[in-house]
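For the sequence shown, position 230 matches number 907 in our numbering, and the numbering has no gaps at all. Reviewing the structure listed below.
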Amino acid sequence: MGKSLSFITPSGRVTLGNYIGALSQWTAEPGNVYAVADLHGITTPWNPETLRSYIIEIASVLLALGLDQQGSMVYVQSHVPAHAEMAWLLECIGHMGEFQRMTQFKSKGKDRGDVSVGLFTYPALMAGDILLHDVDSVPVGEDQKQHVELTRDLALRANHLFGPVFTVPQPRVPGIGARVRSLKNPAEKMSKSVIDDGTVLLLEDADAIRRKFMTAVTDSGREVTYDPEAKPGISNLLEIAAALSHQSIEQIAAQYQNAGYGAFKRAVAEIAVETTRRVRQEALTLQSDPAEIVRRLDTGRRMAEAVANPKLRQVKQAMGFLLP
Ligand code: AQP
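Given below as structure tokens:
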């Protein structure tokens, strides 16, 4: 399958949705690349202290999951200046029209007068993230597929103009990706940037997690059955319980069918607390030793630079820069 590359943006505290849909599925294997995408975290207005705390939290979780072991790397994107430089090179071969077609820009930027230029150009940064590491395929959600298509177009254009400098990546959309929904509003995805009782945080204490599950919205009726249309709240809880306990939705539904909503919510809360206990404890322990986090991130930075810097140099050479 080749090496895998996944970045996570410090746009909020890590959610149970991030854990189920992404982090818990990432694996430490030789050459795999994991990074805190802090440069992506400033495309919308931010607070410096808060940004720093989000970066530390995400790094602590990636490291607690051991994603810097077995020859894979964990680093912070801005620690490797090649990312910002590659983004500029790609912006200069990108076309306004193709960036204007990006649906994320249209949805996040529409109706706002103060939209940053970075929100418009960030697909070039993302393309650079991928191309610097020469990955063959990138696992992405449906919503990010368009950005990988743009990355392919930019890579093909550069290869055409300057010779074969880039590996052209393929998007890889996982077959059935869990899409965890807000416990308060199951019509919406659970998101880092939405802070309310519908968003369960991976590192909040067990009692807070239990309380959020107990106040999750449920649906009419009494039976615990999987029906995303008629029972979106209960179905979301079933999906969460199934993903975390590695059982099928049918198995969980059969177990709690007649238990009543209250008992079912209590059970899902316990599953969430228990299956995330270890990563939570390890991440919090790491946070009490910031020097250790910095040390491990610096190892990741060196591993990333060993790949990214020669690639950037090769591209600049091909593009006609006078290299020192
Ligand atoms: N609710 C979710 N269910 C399943 N997977 C999810 N992911 C995010 N929310 C859910 C996955 O987590 C990874 C995080 O990458 P990201 O931070 O770069 O992307 P994101 O999708 O923008 O994450 P958020 O939490 O929704 O942040 P905001 O609120 O800032 O937009 C991705 O692999 C994503 O699929």
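Glycine is no exception: its CB is placed at the ideal position from the N, C-alpha and C atoms.
Pick out whichever of the options has its Cα sitting closest to the Cα of residue i.
i, options, result
"Gly708", "Ile929, Phe998, Ala981", "Ala981"
"Leu802", "Leu767, Leu833, Gln781", "Leu767"
"Val738", "Arg690, Gly840, Ala864", "Arg690"
"Gln746", "Tyr711, Ala919, Lys942", "Tyr711"
"Thr962", "Ile732, Ala741, Lys680, Ala995", "Ala741"
"Ala804", "Phe839, Arg789, Ala759", "Ala759"
"Cys769", "Ala832, Phe782, Tyr933, Ser965", "Ala832"
"Ile735", "Trp765, Glu775, Ser755, Pro687", "Pro687"
"Leu880", "Ile911, Tyr696, Lys680, Phe843", "Tyr696"
"Thr1007", "Pro851, Arg957, Asn862, Val812", "Past the edges of the chain, shown from 678 to 1001, lies residue 1007, and the structure says nothing about it."
"Gly790", "Thr892, Pro725, Thr721, Tyr903", "Thr721"
"Ala936", "Asp820, Pro909, Glu900", "Glu900"
"Ser912", "Asp873, Gln964, Ser859", "Ser859"
"His730", "Ile970, Ala907, Leu809", "The sequence shown places Ser at residue 730, rather than the His named in the question. Of the candidates Ile970, Ala907, Leu809, the one whose C-alpha sits nearest the C-alpha of Ser730 is Ile970."
"Lys866", "Ser683, Leu693, Lys680", "Leu693"
Could you check what DSSP says for residue i in three-state terms: helix, strand or coil?
i, result
"Ala940", "helix"
"Lys783", "helix"
"Gln958", "helix"
"Lys861", "coil"
"Ala908", "Per the sequence shown, residue 908 should be read as Lys rather than Ala. Coil at Lys908, not helix or strand."
"Lys993", "helix"
"Lys889", "helix"
"Lys988", "helix"
"Lys822", "helix"
"Gly898", "coil"
"Asn724", "coil"
"Gln934", "coil"
"Phe998", "coil"
"Ala699", "coil"
"Phe776", "helix"
Which residues does DSSP pair with residue i in a beta bridge?
i, result
"Pro816", "Arg849"
"Val710", "Leu682, Met750"
"Leu878", "Thr692"
"Lys866", "Arg858"
Any heavy atom of the ligand HEM closer than 6 Å to the Cβ of residue i?
i, result
"Ser870", "Among the ligands present in this structure, namely the ligand AQP, the ligand HEM is not found."
contact_flag[the stretch 823–837, the stretch 873–892] where n(CB pairs < 8 Å) is 3 or more: The stretch 823–837, when compared against the stretch 873–892, does not touch it at the 8 Å Cβ threshold.
Every unbroken beta strand (DSSP E) inside the stretch 731–756 [3 residues or more]: Segments of the beta strand (DSSP E) lying fully in the stretch 731–756: 750–753.
At least three beta-carbon pairs within less than 8 Å, the stretch 710–728 to the stretch 933–948: Pairwise C-beta distances place the stretch 710–728 out of contact with the stretch 933–948, as fewer than three of them are shorter than 8 Å.
Touch test, the stretch 946–958 against the stretch 917–933, Cβ-Cβ under 8 Å, three pairs minimum: The stretch 946–958 makes contact with the stretch 917–933; the number of CB pairs closer than 8 Å reaches 3 or more.
Touching by the beta-carbon criterion (3+ pairs, under 8 Å), the stretch 922–936 and the stretch 692–706: A contact between stretches requires three or more CB pairs, one per stretch, nearer than 8 Å, and the stretch 922–936 fails this requirement with the stretch 692–706.
Stretch-stretch touch, CB-based, cutoff 8 Å, three pairs: the stretch 836–843 with the stretch 782–802: The stretch 836–843, when compared against the stretch 782–802, does not touch it at the 8 Å Cβ threshold.
Stretch-stretch touch, CB-based, cutoff 8 Å, three pairs: the stretch 974–990 with the stretch 746–756: Three or more beta-carbon pairs separated by less than 8 Å link the stretch 974–990 to the stretch 746–756, which places the two stretches in contact.
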